[in-house]
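Numbering (the working numbering), first residue to last: 194 to 434.
Shown next as structure tokens:
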């Protein structure tokens, strides 16, 4: 059974729920900075410590659940099966904006959660540190950079030391890209991507290709002959982080 109309209706209704929940929160005096498929990010401001933020989050959760129960009963005469949950409080938060716009990029953010014992936990979604199509170099570098920024720790020397270690060859093991082949090699004709170029240099290959960008172009890890192109990794892996 498939109904495109039903699919569209579910999507539209989900959007309405998020939009109305946002409006309700902002009527309470708080700013919603981002709304996703099933979540809202609320900016409380710097004057709230973790304890007060937790209390506000719990109160907003209860208020929203009560409001939805009453609204659905009064408007549609149906029981409410929605359940809004307060998930967490980020003591520090970063959401890159879409280029040329003030809105945040969808499902791309990093935040710091501080537990009751004072321990910190870094959460990264959709950025280089969380994506498998970036190298271990970029993922590790970005996570540590965010950690230092969020905790107000010095980071200049860390960036400089990482760049120097990269160019000296100490980080070669973390320069490997890993990407999946979606088609047969002979189906790639124009604008052949790097992982396909690397795969064509192998006699046998699987669906996943591990390769390094070298001074002579992409080369598979299992048949590596040239030195890594460190400038590529500086510009394409460290700089974007």
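Beta carbons are placed, not taken as given, at the ideal position from N, Cα and C, and that holds for glycine.
Residue i versus residue j: straight-line alpha-carbon distance, rounded
i, j, result
"residue 347", "residue 240", "24 Å"
"residue 392", "residue 365", "20 Å"
"residue 414", "residue 341", "32 Å"
"residue 320", "residue 300", "9 Å"
"residue 245", "residue 208", "29 Å"
"residue 273", "residue 284", "32 Å"
"residue 404", "residue 411", "6 Å"
"residue 220", "residue 254", "14 Å"
"residue 205", "residue 317", "28 Å"
"residue 344", "residue 351", "14 Å"
"residue 381", "residue 197", "33 Å"
"residue 332", "residue 324", "8 Å"
"residue 434", "residue 353", "14 Å"
Contact check, residue i vs residue j, beta carbons under 8 Å
i, j, result
"residue 315", "residue 336", "yes"
"residue 330", "residue 361", "no"
"residue 286", "residue 251", "no"
"residue 339", "residue 303", "yes"
"residue 281", "residue 306", "yes"
"residue 211", "residue 236", "no"
"residue 388", "residue 406", "no"
"residue 397", "residue 416", "no"
"residue 465", "residue 288", "Since the first and last residues shown for the chain are 194 and 434, residue 465 lies out of range."
"residue 372", "residue 326", "yes"
"residue 400", "residue 378", "no"
"residue 184", "residue 215", "Within the shown structure, residues of the chain are numbered from 194 to 434, placing residue 184 beyond reach of any answer."
Spatial neighbours of residue i in its chain, beta-carbon cut-off 8 Å, leaving aside the 5 residues before and after
i, result
"residue 355", "334, 364, 431"
"residue 328", "367, 368, 369, 370, 426, 430"
Extent of the continuous beta strand (DSSP E) run through residue i
i, result
"residue 236", "233-236"
"residue 313", "313-318"
Host alpha helix (DSSP H) of residue i (start-end)
i, result
"residue 260", "243-269"
"residue 217", "197-220"
"residue 285", "It is not in any alpha helix (DSSP H) - residue 285 instead sits in the beta strand (DSSP E) that spans 285-287."
"residue 338", "329-343"
"residue 355", "349-360"
"residue 392", "387-392"
"residue 426", "423-426"
Neighbour flag for residue i against chain C, beta carbons, 8 Å
i, result
"residue 280", "Of the protein chains in this structure there is only one, and it is not chain C."
Neighbourhood of residue i by C-beta distance below 7 Å, restricted to the same chain and skipping five residues each side
i, result
"residue 217", "257, 260"
"residue 390", "410, 411"
"residue 419", "407, 408, 409, 412"
"residue 247", "282"
"residue 243", "282, 284, 307"
"residue 311", "none"
Chain-order list of residues whose beta-carbon lies under 6 Å from that of residue i (same chain, five-residue window excluded)
i, result
"residue 313", "305, 307"
"residue 275", "261"
"residue 298", "289, 291"
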